[in-house]
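Numbering (full-length UniProt numbering), first residue to last: 1 to 187. Note that beta-carbon positions come from the ideal geometry of N, C-alpha and C, so glycine has one too. Keep in mind that this is a model prediction, so the values were computed, not measured. First up is the structure itself, then whatever we jot down about it.
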């Protein structure tokens, strides 16, 4: 996927399709984990090249206006066989550390390795409005750069808060060995 900001409307983001997901062949793809399973390459994120950089600094240490402030963070581990659900408790713990609830959240950036993973996490957060999740598309839409996903979800959340003029965001992801990570941002 390629994207560009337009001069006429700098707050909009245009995306051009790529070859990652093609509707014509998605139904024909075989299951990844079980012969009768529903998770396929067609409803999973593509593995893409990518990079990210995040500058973290203590308040007052650098002369720059931050995009956002980290209000809470947490990790949570689960059995590696169910790694996709690890963000559920990581995000709940990060919100608690920030003194926040799902009702306070304006934006949720969830790295979606698989569509089923996103659905499971959203179901695990019953107080979350699903319309707040990946408002500009997640990893299935834009790709999954291994090793850069944390910076991507954090950066997208921070930039969306800046675009909106402030608010609260949750950035969360899972790691294949059973770890979930989450950060609560405020602006």
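{"Query": "According to DSSP, which residues form a beta bridge with residue 33?", "Result": "Bridge partners of residue 33: none, in fact."}
{"Query": "Looking only at its own chain, which residues have a Cβ that is under 6 Å from the Cβ of residue 10, when we skip the five neighbours before and after it?", "Result": "With a pLDDT of only 47 at residue 10, under the threshold of 50, the placement of this residue in the model should not be trusted, and no figure is reported."}
{"Query": "Output needed for residue 122: all residues of its chain with C-beta closer than 7 Å, excluding positions within five of it in sequence on either side, in chain order.", "Result": "128, 130 and 133"}
{"Query": "Alpha carbons only, please: which of 126, 53 and 171 is nearest the one belonging to residue 103?", "Result": "126"}
{"Query": "Kindly indicate the opening and closing residues of the beta strand (DSSP E) around residue 76.", "Result": "69-77"}
{"Query": "By DSSP, does residue 50 sit in helix, in strand, or in coil?", "Result": "coil"}
{"Query": "Give me whichever residues DSSP pairs with residue 40 in a beta bridge.", "Result": "31"}
{"Query": "Can the beta-carbon of residue 69 be found closer than 7 Å to that of residue 186?", "Result": "yes"}
{"Query": "For the alpha helix (DSSP H) holding residue 154, just list the boundary residues, first then last.", "Result": "149-164"}
{"Query": "Give me, in chain order, the residues of the same chain whose beta-carbon lies closer than 7 Å to that of residue 47; leave out the 5 immediate sequence neighbours on both sides.", "Result": "144 and 146"}
{"Query": "Quick check: what's the CA-CA separation for residue 96 versus residue 169?", "Result": "13 Å"}
{"Query": "From residue 56 to residue 65, what distance separates their C-alpha atoms?", "Result": "12 Å"}
{"Query": "Residue 87 and residue 180 look like a contact to me (Cβ under 8 Å); what is the Cβ gap, rounded to whole Å?", "Result": "4 Å"}
{"Query": "Let me know the secondary structure DSSP gives residue 173 once reduced to three states.", "Result": "strand"}
{"Query": "Put residue 89 into one of helix, strand or coil per three-state DSSP.", "Result": "helix"}
{"Query": "Could you check what DSSP says for residue 110 in three-state terms: helix, strand or coil?", "Result": "strand"}
{"Query": "Going by C-alpha distance, which of 71, 176 and 113 is nearest residue 101?", "Result": "71"}
{"Query": "Could you tell me whether the Cβ atoms of residue 52 and residue 152 are closer together than 7 Å?", "Result": "yes"}
{"Query": "For residue 110, count the other beta carbons within 10 Å of its own beta carbon; 16 or more makes it buried, fewer makes it exposed. Which is it?", "Result": "buried"}
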